[in-house]
Structures are given as structure tokens and as C-alpha cells.
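Colleague: So for the sequence shown, the working numbering puts the first residue at 10; every next one is plus one. I have a structure here, written as C-alpha cells, and I will follow up with some questions on it.
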Amino acid sequence: MFFLVKSLQSILSSKDILKFYLISVILIIIALMEVVGLALISFLIVNLNNLDSILSNSNFFQKILILFNFSAYNSSYVLCMFIIGYSIVNIIASMSAIRYIGIYSQILGANIKSKVVEYFLYMDLLKFTQMPTSKSMSRVINDGNEVSDILYFLMHLFSKCILALLIIGFLLIFNTQLTIIIVAMLSITYLIIFFGTKPIITFNSLNQTQLLDSILNVVKNMFGSLKEIIFYNSQEEVLSKFSELNNSFAKAKGSNMAIAQMPRSFIDSLILIALVGLLLFTKIKNVDPAVFFATFSIYGIAALKLLPAFQNIFYFSHEIYVRLPYLKNISDLFLEFDQSLKIKSNNYKEPIIIENSIVFKDISFKHLNANAHSLENINLSIKNHEKIAIVGPSGSGKSTFIDLLLGFMEPTHGQILIDSQELSLNDLDKYRLNFSYVPQKVFFLEASIKENIAFGTVFNKKKKINLDKILLDSELQELVAKLPSGLDTLLSDDKQIVSGGQKQCIAIARALMRGGNILILDEATSAMDTVLEKNIYKSIFKSNFSTIIAVTHKPSILKEFDKIYVFREGMIEGSGSFEYLSKNNKYFINMLEDYSSE
């Protein structure tokens, strides 16, 4: 219970907690209304034989009749009509509360899911890349729903506990000894079942969360590599793995569902045994039949409320306990939430002005648990209006350098200086406004070409005017003209509607749309043919970008750059102009020879 309360406090806002308390007060009022209804019916049953006499002698009841002009009617009739009317009001109030709880708990769940999405959007990129995508998806899609269910069950659990306590209090007044015996029997039975099945529930619940992550992983891999699955004829292997995981999940969930319903049939049998025992007791003790009838009737009516309340208390407690692993997943994320949002700045509009240069000073970077540095002792300067190229073999640290330059990761050692001032984590958003970036792997939204080019940029009037020029500079005009829906043609990252080269052209258009002073190209034209690549670079060099940084290995393109850095094994092996490196750097010379022999 302590973990549950602490976790919910870390997840819910103070406003949500206040609403939760307000709902709790409403639920207490409804529970009181139900007990009052039970008391009225009990009064009716106990005094059925002389009801008119009792009501006639009641000054309070007679005053009520006079107040509402009901004195002309039969007192018993008025009381019965009042009880019926009261019961209808009680039903409406209960249904309204149930509806509100259902909607409110789901809204809270939706807010929690939004907060989880926000966490992933603003978390450290390096940490995000180390977390399996399927696991992240599970936190958003599944765990958020399960936490909203916890809130739903918790509010109902609270209401049923209040109702049960009030009914027990009412019965204690009527017959203390008998009530204690009945409540003790019910409580002990439910506690034995709950704690007896707790290890099984815990095992099944943890198993469910792990299996869900695995199922999502299989589904993600299936949709991401369907072409390869068909080529390698691996459909049966994928189906077998999915079925195995899915069946295991179904068994774990089914087992917990069965446990949730277990007490019902057991308690029904227990009540029958208790009833037989009560009949024997009355016969042995020669209890007055009228007293027995009244007692039996009151406890029977109370049982209509109390037994479902006990069953629901068990059921809601069980359902909450089953979902605690999901709550732990979410609360663990939220414990790091403030830290992960440390780079988020509010209301930034203008970029940091870079007047002269960006300097890497003694920069080293090492991945967590890695044996060697990805980059070591990097010293370089990127001056305004320079065109810089990065070359090097695979695994030499080129992409890591780009990630550090864009602030996606923090250096393990060293400083990134902006005009002699160290780059602050709090300024990363404003710093990135200087850049446009075309990554190695281009991602498509499931949206139109126009929306993919914009990628979150609002199409204001100025952007619309520039769109034709962007299409021209990115060599997309011909493609768009051929498509029946033009710019409204739907794209998808996993559906091959355009070629690899055309996909990179759309990424170039995206960068041109964003604008900025510095353009970074990470193997951005690797899928293009020579003519297309040449035209793209011609447009890029004529664009408004004052500084261009490109990872590329094609000699015809490298000649256009002012300075080239050669990366080898995480270090800068050499730097200089194309002419200088083609005579003085062994790797560069071999690279040129390899291209000339193709």
C-alpha cells in the first residue's frame, strides 16, 4: 500500500490528487445514502406488523407529513413511496458517480501516457538509444492504460470499503455478536485466499509485463523486416515465436483472472453453511420466529450489499495488485523525469548567435560499459562560412562527432566552445536552431510529402512561397509532378513509395525548409546517382547556409570543401585541403585510389 500511494503521488499532479480526494468525498456520501436506504428498509421489515401505529405515534414523521401536505394519506403508503423514491435517487447518484469515475480515471490515464511520451521526447538521446524500442512503446501504449485502470479500481475500492464499514457499523448496532461472527468469517476467508494466492499473482504479473515487451518486440521486428522474412521464408518461425509468447501471456492473464473470481463460489457455499447453522441454532435455542424473521430479513438485505462489497474489495485489490509492475515501470520513469527534462527550455525563439566559430577542445567520448573511447582527444575548429568534410572508415567516430556537435550527447571529457564560451546544457535548444541536419537514416512520418518536408514546421505564408524553390533545389519537382496526388501523396517509413535517392532528396528539402546557418550532412547523398548528387550539392553550396559540414567520401564532392578531417579509430589522423591530403595522408590516398578503380 505504501508503494502504491508513493508511486501515485509521484505520477499525479497536485490538481489530480485534489480531484481524487473530492471524488472520495462524493463516494462517501453515496455510501452513506446506501446505508440510509438499508436502514429504512430494515425499519420497514422490523415494524411491518404495527407500522401504522408506530408512524402515527412518531411526532417527527407526522411533522414531515404536515410540512409536505401528505397528512391526508396513509402513513405506511407515504413511507413506502418515500423509500422507493429515495432508492431511485440513490440509483441515479450511484450510476452518475460510476460514469464520472470511469471517465475521470481514463482521462488521468491519458494524461499519464502524454507525460510518458513527453519523457521520451525530452530524455537523453544516448539513454533512449540504449532502451529497446518495443520496451519504450510498451511503456506508452500498455503501461499507461494499466495505470489508469489502477486509478479506476482504487476509487471503486475506496467506495466499497466505506460502504462495507458503514453496513458493518449498522449491523453492529442491531446485533453485535452475530455481526462480529459473520464479518470475521468473511474477512478471514478473503484474507486467506488473497495472501495464499499472492505469490502466484506476483509471478504472473511480472511475467505478463515481460511477455508484453517481448510480444511488442516481435511485432515491431515483423513489420520492420517483412521483406527479409518473406525472402528467407521465415514466416513460420516468426508466427511460432509470436504464438508461443502470446499463449504464455494468455495463460498468465487467465490464471490471474481465475483467482479474482475464486472467492465468489467459495463464499456462496460458506453462506449456505452459515444459514443452515443459523437455522439449527434458532431451533435449539427456541428463538421467537418473529425475532428470527426480522433478524434473518435484515441480515439478508444487508447481505445484498455487503457480500458484493466484500467480493468487490477482493476483486479490486486483486486487480490493483496485478497491475503494480506496470505502475512501477511508470514511476521509475517519472523518478528520472525532472533530470531528463533539464535541457528543455521554455519559450525559446532566437538561436544563440555564433559570431566566429565552434571549437572542440580536448573532446573525448566513451559509451557506457564500452572498453574503448569512440572519440579521443579531438581538437578542431569550425569557423563561420567554412565548408568542412569528414572522412574515415566505418567505426572511426564520424557519427559520434556529429552527435556531439548537435548536442545529442555530452562529452566524457573536454569542452565545446561557442566563441570561447562553453556550451551550456540549458542552451541546447537555442544552439540547435543554428543547424539543419540530414542524418544517415532518413525517417518518414506516415503523412504527406508536404508534411514530411515540413516535419513539424508550420506552413506560414512565407514558407508556402518558398516551397517551390525548395522543391527545385532538392530535385523534387519532377517527382511531385509525376505523382497523382502531388505533395499530398502519402509516405510511410516502412512502405517503399519512393527510391532511396528520392528519400534523401526529401530529407534535403526538409533541411532547406528548416533553414539556419549551419547545414550538417551525414552521408546524405549515399543513395543518389552521380548526376543527382552533383546537382544537389550545387544547390546546397548556393543556399543560405553559411557553414556546411558533410560526412562524405566521394572525391568529386570533396574537392569543393575548404577543409577535410580524416577520422581513424576515434582520433583525427589528418586535416587539410583536398590537394594536401591527397599527397600527405595514406588513408586519404588509398580512398581516392579505391574510388578511381571503381
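Don't be surprised by glycine CBs; every beta carbon is placed ideally from N, CA and C.
Tell me, please, which residues DSSP counts as bridged to R8.
Modeller: The chain is shown from 10 up to 607; residue 8 falls before or after that span and cannot be answered.
Colleague: Which residues in the same chain as S145 place their Cβ atom closer than 7 Å to its Cβ, once the five residues preceding and following it in sequence are excluded?
Modeller: Once the five neighbours on either side are set aside, the close Cβ partners of S145 are F129.
Colleague: Opposite L530 in the DSSP bridges: which residues?
Modeller: L530 is bridged to V447 and A559.
Colleague: Of all Cβ atoms in chain C, is any one closer than 9 Å to the Cβ of I361?
Modeller: The chain inventory of the structure shown lacks chain C, comprising one protein chain alone.
Colleague: Measure the CB-CB distance between I189 and L181 and report whether it falls below 9 Å.
Modeller: Result yes, Cβ atoms of I189 and L181 sit closer than 9 Å.
Colleague: Take the Cβ of R108 as the centre, count every other Cβ of all protein chains shown within 10 Å, and call the residue buried at 16 or more, exposed below.
Modeller: That one is exposed.
Colleague: Check for me: the beta strand (DSSP E) holding H422 runs from which residue to which?
Modeller: Its beta strand (DSSP E) spans residues H422 to I427.
Colleague: Using the Cα positions of S366 and K392, report the straight-line distance between them to the nearest angstrom.
Modeller: Approximately 4 Å between the Cα atoms of the pair.
Colleague: Does the stretch 407-415 come into contact with the stretch 452-459, if we say contact requires no fewer than three beta-carbon pairs (one atom in each stretch) closer than 8 Å?
Modeller: The stretch 407-415, when compared against the stretch 452-459, does not touch it at the 8 Å Cβ threshold.
Colleague: Relative to the C-alpha of K551, which residue among L481, I100, T498 and D497 is closest?
Modeller: K551 has its Cα closest to that of L481, out of L481, I100, T498 and D497.
Colleague: If you drop the 5 nearest sequence neighbours on each side, which residues of the same chain put their C-beta closer than 8 Å to that of V125?
Modeller: Same-chain partners within the cutoff: R148, V149, D152, G153, I339 and L342.
Colleague: When the distance is taken between beta carbons, is S445 closer than 9 Å to A520?
Modeller: It is a contact, given that the beta carbons lie within the stated cut-off.
Colleague: Please state the DSSP three-state secondary structure of F570.
Modeller: Three-state DSSP puts F570 in coil, outside helix and strand.
Colleague: So, helix, strand or coil for K375, using DSSP?
Modeller: Correct three-state label for K375: coil.
Colleague: So, is L485 buried or exposed, given that buried needs 16 or more other C-beta atoms within 10 angstroms?
Modeller: Label assigned to L485: buried.
Colleague: Nearest to A656 by alpha carbon, out of D603, F52 and E578?
Modeller: Nothing about residue 656 can be reported from this structure: the residues present for the chain run from 10 to 607 only.
Colleague: Alpha carbon to alpha carbon, how far is H562 from V400? Give it in angstroms, no decimals.
Modeller: Cα to Cα, the separation comes out at about 6 Å.
Colleague: Can you tell me where the beta strand (DSSP E) holding E385 begins and where it ends?
Modeller: Note, E385: beta strand (DSSP E), L384 to K392.
Colleague: Per DSSP, V368 forms a beta bridge with which residues?
Modeller: In DSSP, V368 forms a bridge with S390 and L426.
Colleague: Using a Cβ distance threshold of 8 Å, determine whether the stretch 541-550 contacts the stretch 566-573, with at least three qualifying pairs required.
Modeller: Short answer: they touch.
Colleague: Which value, in whole angstroms, describes the spacing of the CA atoms of Y86 and N58?
Modeller: Their Cα atoms are separated by approximately 14 Å.
Colleague: Between which residues of its own chain and D428 is the CB-CB distance below 8 Å, once the five residues before and five after are set aside?
Modeller: Around D428: I363, E364, N365 and S366.
Colleague: Excluding sequence positions up to five away, which residues of its chain have a Cβ less than 8 Å from the Cβ of A516?
Modeller: Hits under 8 Å: V447, P448, V451 and A533.
Colleague: From K169 to I425, what distance separates their C-alpha atoms?
Modeller: If you take the alpha carbons of K169 and I425, they lie about 60 Å apart.
Colleague: Closest by CA to I527, which one among L442, V507 and I506?
Modeller: Here the closest residue by C-alpha is L442.
Colleague: Do K370 and I557 have their CB atoms nearer than 9 Å?
Modeller: No, the Cβ-Cβ distance between K370 and I557 is not below 9 Å.
Colleague: Counting Cβ pairs closer than 8 Å, one from the stretch 249-267 and one from the stretch 221-228, do we hit at least three?
Modeller: They touch, by the three-pair rule.
Colleague: Below 6 Å CB to CB, which residues in the same chain sit around G525 once its five sequence neighbours on both sides are set aside?
Modeller: Only N443, F444 and S445 meet the Cβ criterion.
Colleague: Provide the residue(s) that pair with K504 in DSSP beta bridges, ordered along the chain.
Modeller: K504 is bridged to S501.
Colleague: Quick test of your reading: S143 and D222, contact by CB under 8 Å. State the CB separation rounded to the nearest angstrom.
Modeller: Contact holds; Cβ gap of about 6 Å.
Colleague: Taking C-beta to C-beta, are Y335 and I159 nearer than 9 Å?
Modeller: Yes, Cβ-Cβ distance for Y335 and I159 is below 9 Å.
Colleague: Could you name the residues that DSSP lists as bridge partners for S96?
Modeller: According to DSSP, which records beta bridges pairwise, S96 is partnered with nothing at all.
Colleague: Using CA coordinates, which residue listed in G46, I268 and D25 is at the minimum distance from I310?
Modeller: Nearest of G46, I268 and D25 to I310, Cα basis: G46.
Colleague: How should Y161 be labelled, buried or exposed, when 16 other C-beta atoms within 10 angstroms of its C-beta is the threshold for buried?
Modeller: That one is buried.
Colleague: Closest to K375 by C-alpha separation, out of A261, E487 and P420, would be which residue?
Modeller: Checking every option, the nearest Cα to that of K375 belongs to P420.
Colleague: Measure the alpha-carbon distance for A3 versus G205 and round it to whole angstroms.
Modeller: Nothing about residue 3 can be read from this structure; the chain reaches only from 10 to 607.
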